[in-house]
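Colleague: Please find one structure pasted underneath; my questions will follow.
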Amino acid sequence: MKRLLSALAAAGFLLAGAPAAAAPSDGGRIPVKPAPATQVWATRPASNQPGSTAQQWLRLDIEELSPRVVTPGEDSVTITGKIVNVGDRDIFDIELRLERGKALTSEEAVRQALREPTDAEVVQPWFTRIADELRIGQSKPFSLAVPVNGPGNTSLDIDQPGVYPVLANINGRPDDGGRARLAALSTLLPVLAVPGGATLGPPPNPAKITVLWPLADRPRMVASGLEPVLTDDELASSLGLGGRLYGLLKAYESALDGPLGQGVCLAVDPDLLRTVEAMSKGYQVLDHGPGKGRNEAGLWLAQLRLLAGGRCVVALPDADADLVALSRAKLTDLFALAGRGADVVREVLGVQPQAGLAWPEDGVVDQQTLDALGAQGVTSLVLDQSAVAGTPGAGPVRLDAAGKPVTAVRIDGMVSDALRGPVVARPVAGITTPTETRPVSVQNALAALAYRTVFQGNGQNVVISPPRRWNAPTGEVNKFLQVTKNLVGTGFATPVGLQALVGAPPPEQVAALSYPVESGAQEVAPTVTADVARSWQELQRLFGAMSQQDAFSTEPGALISPLRLSLLRAVSGTWRGNETGARASLDIADKQLAALRGQVTVSEPASPILLASGDSPIPVTIRNRLDVRVTVRITVEDTPGILARQLQDQVLPARGERQLTVPVEVLRSGRFPVHIRLTTPDGVVLGERARLEVSSSAYGTITTVITILAGALLVLLSARRIYRRARASRAAAAAVPNDASGVTPEKSSTS
1098 MKRLLSALAA
1108 AGFLLAGAPA
1118 AAAPSDGGRI
1128 PVKPAPATQV
1138 WATRPASNQP
1148 GSTAQQWLRL
1158 DIEELSPRVV
1168 TPGEDSVTIT
1178 GKIVNVGDRD
1188 IFDIELRLER
1198 GKALTSEEAV
1208 RQALREPTDA
1218 EVVQPWFTRI
1228 ADELRIGQSK
1238 PFSLAVPVNG
1248 PGNTSLDIDQ
1258 PGVYPVLANI
1268 NGRPDDGGRA
1278 RLAALSTLLP
1288 VLAVPGGATL
1298 GPPPNPAKIT
1308 VLWPLADRPR
1318 MVASGLEPVL
1328 TDDELASSLG
1338 LGGRLYGLLK
1348 AYESALDGPL
1358 GQGVCLAVDP
1368 DLLRTVEAMS
1378 KGYQVLDHGP
1388 GKGRNEAGLW
1398 LAQLRLLAGG
1408 RCVVALPDAD
1418 ADLVALSRAK
1428 LTDLFALAGR
1438 GADVVREVLG
1448 VQPQAGLAWP
1458 EDGVVDQQTL
1468 DALGAQGVTS
1478 LVLDQSAVAG
1488 TPGAGPVRLD
1498 AAGKPVTAVR
1508 IDGMVSDALR
1518 GPVVARPVAG
1528 ITTPTETRPV
1538 SVQNALAALA
1548 YRTVFQGNGQ
1558 NVVISPPRRW
1568 NAPTGEVNKF
1578 LQVTKNLVGT
1588 GFATPVGLQA
1598 LVGAPPPEQV
1608 AALSYPVESG
1618 AQEVAPTVTA
1628 DVARSWQELQ
1638 RLFGAMSQQD
1648 AFSTEPGALI
1658 SPLRLSLLRA
1668 VSGTWRGNET
1678 GARASLDIAD
1688 KQLAALRGQV
1698 TVSEPASPIL
1708 LASGDSPIPV
1718 TIRNRLDVRV
1728 TVRITVEDTP
1738 GILARQLQDQ
1748 VLPARGERQL
1758 TVPVEVLRSG
1768 RFPVHIRLTT
1778 PDGVVLGERA
1788 RLEVSSSAYG
1798 TITTVITILA
1808 GALLVLLSAR
1818 RIYRRARASR
1828 AAAAAVPNDA
1838 SGVTPEKSST
1848 S
């Protein structure tokens, strides 16, 4: 049976010793005032301990609500499902009733009911016993049919068409406790015809419905090429029978059948197409060996090609990139890369997507991003209603992108927000199997759609878009499309293609952008985009050092392009509000970049290098394992006792090596390490640095010169000292008289 709703609500119980309840006046059933729909509610804590929380007793699973929209010929509403005792005590006297509130008569009332379940206590039929007892862990199916109208407390007492809040309310008595509400679930029920009463007919100016059907997933590609590698193998299940993407594609096929098909447009993530195509040729799963989804991928892709042929197709940004985050980080090249997803759609599906159209994540952009899109040639946008401020109506409006007009098609916020469900209940992106925390969102969306098309009936545009990575149960997806097709088939709505909305002359109505605060808080974190920017710059500098070997060899772009896509995946809109996921994706790209740099290395010799003289060069061997030529620079790190001279940049051939000698000057003898590394001319480090053991017993030229100068100086100093001593001795000898008596003899005379 198709699952419709699954909700949990909790209720407390009266502990043993509580006073007995008063005798009921409705045939033995005790009317219990319901809590607000889907709200956790307790009559008394399950424990007497301070701060204790209420005990959860029952889980209510509603598997079918029929009809989803009350139309002529239907006189009752039936709910079927099961109750499960998830508490720690047996439960007795379990009863169920379906209650309703007042009709919602305004758009604001409908929006409020979608945000928070509204009062559904206006009409409270009698309870119906569905189980006498339910032991711990037991479950029991139930089915309850309630007339749309009728006497007394036996029906929903609906006498006019409208959109009504309804509440499934289950009461029971836990063992040793008092009677209380144990589970509840609330939703909206559109009524177009009352049995024996008024029936609404098609309006003279029916609503114009356009359906955007997204096919997207979270990034999973690690490496492309002859043997692609994926992060996991969840896509194999998603593409196969019963999987999420399989169900969405089958639902798209059913939407094309009939008049509604004219208003349906497929929106595809180019990176999903790239990944599925790679899977269809055989692939590996990271750390787990061969993948298992080759056949499923091939069949799914073939079916998609068949269905998309000649149809309206929109290319989402490649990898569904967060355009606003890229714009804020000034990652211009990555921003441009995200806008080239149409080429992938054209190559893989063989169809021409809508030219000049962009649909950003969450349907919101700021003015800076809009200007950047306009500079890329974007002439039309798909935006959420919240992204356009103060503009009445639902039709296309004109925006200004750096002086250029851009047509903005507005997604109906009331219907599409209902499909997304409450923010706290939104599913994790990339879920493989169709499942949803609150699939009641589909029923609420049908009620919102019925209000737009039936009760407003003013001929307005209603552009519907499920969540980007919708994971509602397959039955719910089909039910939503079935009701939508019925509204078109009965004349309450008419399909309008997206081409008609964006292909007309720019609208006269001019609007201004409004970037919601909550959208800014959900952007890919600036810390992530800053790291992406650093990796991008390093990748571009590495690309600049590469060149093609010859006309028949690999182009550098073939090596670099996959890494550019890896960096783009790190800023995928999937990671909005999920920095951990973005970091994990960036880590994949950084590891790939490191592996690419590691293909150019310096070889370490097995034994020490013996230098015969002080100016003997150091021999090194550098290798390039890449299929392109790489220009490298050899750098000798500062080492005490070694003075290196810079070599000219070297061009390493593809898959080649070179033996070079690095001129050095040895300043001392001995054995010591020398570290050599390779970089690009722009400074990108290549490979690991090499450690060379150098042994030298020779003196370098400088050492020799210093020694000679020191010896000469020593000789000069010694000679000077000898000279001074000799001079001092001569001076002393000259000062001593010849006669030791000290009497000078007189000169003799002759007569």
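Using our numbering, you'd call the opening residue of the sequence shown number 1098 and step up by one each time.
C-beta: ideal position from N, C-alpha, C; glycine also.
1) Tell me the DSSP secondary structure of isoleucine 1227 in three-state form.
2) Among all the DSSP beta bridges, which residues are the ones paired with arginine 1694?
3) Please list the terminal residues of the continuous alpha helix (DSSP H) segment that includes arginine 1341.
4) Would you call leucine 1346 buried or exposed, if buried means 16 or more other Cβ atoms sit within 10 Å of its Cβ?
5) Looking at the unbroken alpha helix (DSSP H) that takes in glycine 1047, where does it start and where does it end?
6) Which value, in whole angstroms, describes the spacing of the CA atoms of methionine 1098 and lysine 1237?
7) Exposed or buried, which one is lysine 1378 when buried takes at least 16 other CB atoms within 10 Å?
8) Looking at the secondary structure, which residues open and close the alpha helix (DSSP H) in which threonine 1581 lies?
9) Here's a check: name, in chain order, each residue in its chain whose Cβ is nearer than 7 Å to the Cβ of leucine 1690, leaving out the five neighbours to either side.
10) So valine 1607 is in the alpha helix (DSSP H); what residue range does that whole segment cover?
11) Distance check for tyrosine 1548 and phenylalanine 1577, CA to CA, integer angstroms please.
12) Exposed or buried, phenylalanine 1239, counting other C-beta atoms within 10 Å across all chains shown (16 or more means buried)?
13) Do you know offhand how far alanine 1830's Cα is from leucine 1813's?
14) Do you know how far the Cα of glycine 1654 is from the Cα of proline 1628?
15) Within the region 1440 to 1488, note down every full beta strand (DSSP E) run reaching 3 residues or more, in order along the chain.
16) Restricting to Cα atoms, I'd like to know which of Glu1762, Val1761, Val1748, Val1791 is closest to arginine 1768.
17) If you check the beta carbons only, do valine 1365 and valine 1308 fall under 8 Å apart?
18) Leaving aside the five residues before and after leucine 1610 along the sequence, list all residues of the same chain whose C-beta is less than 6 Å from its C-beta, in chain order.
19) Provide the residue span of the alpha helix (DSSP H) that contains valine 1629, from first to last.
20) Quick check on this structure: which residue in Tyr1261, Glu1213, Thr1476, Val1319 has the alpha carbon closest to the alpha carbon of aspartate 1687?
21) Under 8 Å, with one C-beta from each stretch per pair, do the region 1496 to 1512 and the region 1472 to 1483 reach the 3-pair mark?
22) Three-state secondary structure (DSSP) at leucine 1286?
23) Let's test the definition: count the other Cβ atoms within 10 Å of the Cβ of glycine 1784 and tell me whether it reaches 16, buried, or not, exposed.
24) DSSP on glutamine 1689, reduced to helix/strand/coil?
25) So glutamate 1734 packs on arginine 1694, CB below 8 Å; how close in whole Å?
26) Whose CA, out of Phe1189, Glu1762, Ser1669, lies closest to the CA of glutamine 1235?
27) Based on the DSSP output, what are the partners of alanine 1265 in its beta bridges?
28) State the Cα-Cα distance for the pair valine 1697 and tyrosine 1380, rounded to the nearest angstrom.
29) How would you call valine 1614, buried or exposed, if buried means at least 16 neighbouring beta carbons within 10 angstroms?
30) Distance, Cα to Cα, aspartate 1273 vs arginine 1232?
31) Looking at the secondary structure, which residues open and close the alpha helix (DSSP H) in which proline 1367 lies?
32) In chain order, what residues of the same chain lie with their CB nearer than 7 Å to the CB of serine 1351, ignoring the 5 residues before and after it?
33) Going by CA-CA distance only, name the one from Val1263, Leu1664, Pro1248, Val1410 that's closest to tryptophan 1310.
34) On the DSSP letters alone, give me the boundaries of the alpha helix (DSSP H) that phenylalanine 1432 sits inside.
35) Helix, strand or coil: how does DSSP classify serine 1252 here?
36) Look at proline 1604 and glycine 1492 and say whether their C-beta atoms are less than 8 Å apart.
Modeller: Put simply:
1) Taking the first residue of the sequence shown as position 1, residue 1227 is located at position 130. DSSP places isoleucine 1227 in strand when its eight states are reduced to three.
2) Position 597 of the sequence shown, counted from the first residue, corresponds to residue 1694. In the DSSP output, where bridge partners are listed per residue, arginine 1694 has none listed.
3) As a working note, residue 1341 is residue 244 in the sequence shown. Counting along the chain, the alpha helix (DSSP H) containing arginine 1341 begins and ends at 1341 to 1353.
4) The residue given as residue 1346 occupies position 249 in the sequence shown. So leucine 1346 counts as buried.
5) Summary: the structure shown does not reach residue 1047, with the chain confined to residues 1098 through 1848, and so no result is reported for it.
6) What you label residue 1098 is simply residue 1 of the sequence shown in a count that begins at 1. What you label residue 1237 is simply residue 140 of the sequence shown in a count that begins at 1. The predicted position of methionine 1098 is uncertain, since its pLDDT is 38 and thus under 50; a value taken from the coordinates is nonetheless stated next. Those two C-alpha atoms are separated by around 15 Å.
7) As a working mapping, residue 1378 is identified with position 281 in the sequence shown. Lysine 1378 is exposed by the Cβ-count criterion.
8) The residue labelled residue 1581 in the question sits at position 484 within the sequence shown. Where threonine 1581 is concerned, the enclosing alpha helix (DSSP H) stretches over 1571 to 1586.
9) Position 593 of the sequence shown holds residue 1690. Contacts found: Ser1632, Glu1635, Leu1636, Leu1660.
10) Along the sequence shown, read from residue 1 onward, the residue named residue 1607 stands at position 510. Note, valine 1607: premise wrong, no alpha helix (DSSP H); not H, not E.
11) On the sequence shown, position 480 is the one that residue 1577 refers to. On the sequence shown, position 451 is the one that residue 1548 refers to. Cα to Cα, phenylalanine 1577 sits roughly 15 Å from tyrosine 1548.
12) Your numbering for residue 1239 matches position 142 in the sequence shown. Per the 10 Å Cβ criterion, buried.
13) Counting from one through the sequence shown, the residue named residue 1830 turns up at place 733. Counting from one through the sequence shown, the residue named residue 1813 turns up at place 716. Rounded to the nearest angstrom, the two C-alpha atoms are 26 Å apart.
14) Counting from 1 along the sequence shown, the entry for residue 1628 is found at position 531. Counting from 1 along the sequence shown, the entry for residue 1654 is found at position 557. Residue identity check: residue 1628 is aspartate in the sequence provided, not proline. Each residue's alpha carbon lies about 22 Å from the other.
15) 1477 to 1481
16) Taking the first residue of the sequence shown as 1, we reach residue 1768 at position 671. Ranking Glu1762, Val1761, Val1748, Val1791 by Cα distance to arginine 1768 puts Val1791 first.
17) In the sequence shown, residue 1365 corresponds to position 268, counting from 1. In the sequence shown, residue 1308 corresponds to position 211, counting from 1. No, they are not a contact pair.
18) Residue numbering aside, residue 1610 sits at position 513 when the sequence shown is read from its first letter. Hits under 6 Å: Gln1464.
19) Stepping through the sequence shown from its first residue, residue 1629 is reached at position 532. From DSSP, the alpha helix (DSSP H) with valine 1629 extends over 1623 to 1641.
20) On the sequence shown, residue 1687 is found 590 positions in, with the first residue counted as 1. Cα-wise, what sits closest to aspartate 1687 is Val1319.
21) yes
22) Indexing the sequence shown from 1 puts residue 1286 at position 189. Reduced to three states, the DSSP call for leucine 1286 is strand.
23) As a position in the sequence shown, residue 1784 is number 687, starting the count at 1. It counts as buried.
24) Mapped onto the sequence shown, residue 1689 falls at position 592. Reduced to three states, the DSSP call for glutamine 1689 is helix.
25) As a position in the sequence shown, residue 1734 is number 637, starting the count at 1. As a position in the sequence shown, residue 1694 is number 597, starting the count at 1. With a Cβ gap of about 18 Å, glutamate 1734 and arginine 1694 do not count as contacting.
26) Here residue 1235 refers to the residue found at position 138 of the sequence shown. Glutamine 1235 has its Cα closest to that of Phe1189, out of Phe1189, Glu1762, Ser1669.
27) Here residue 1265 is taken as the residue at index 168 of the sequence shown, counted from 1. According to DSSP, which records beta bridges pairwise, alanine 1265 is partnered with Leu1195, Leu1282.
28) Start at 1 with the first residue of the sequence shown, and residue 1697 comes out as number 600. Start at 1 with the first residue of the sequence shown, and residue 1380 comes out as number 283. Spanning the two alpha carbons is a distance of roughly 27 Å.
29) Numbered from its first residue, the sequence shown carries residue 1614 at position 517. Exposed is the call here.
30) Looking up residue 1273 in the sequence shown gives position 176. Looking up residue 1232 in the sequence shown gives position 135. Computed Cα separation, rounded: 14 Å.
31) As a working mapping, residue 1367 is identified with position 270 in the sequence shown. Per DSSP, proline 1367 belongs to the alpha helix (DSSP H) from 1367 to 1376.
32) Your numbering for residue 1351 matches position 254 in the sequence shown. Excluding sequence neighbours, serine 1351 sits near Asn1575, Leu1578.
33) Here residue 1310 is taken as the residue at index 213 of the sequence shown, counted from 1. If we check each option's Cα against that of tryptophan 1310, Val1410 comes out closest.
34) Counting from 1 along the sequence shown, the entry for residue 1432 is found at position 335. Per DSSP, phenylalanine 1432 belongs to the alpha helix (DSSP H) from 1429 to 1435.
35) In the sequence shown, counting from the first residue as 1, residue 1252 sits at position 155. Coil, per DSSP.
36) One-based indexing of the sequence shown puts residue 1604 at position 507. One-based indexing of the sequence shown puts residue 1492 at position 395. In this structure, glycine 1492 lies closer than 8 Å to proline 1604 by Cβ.
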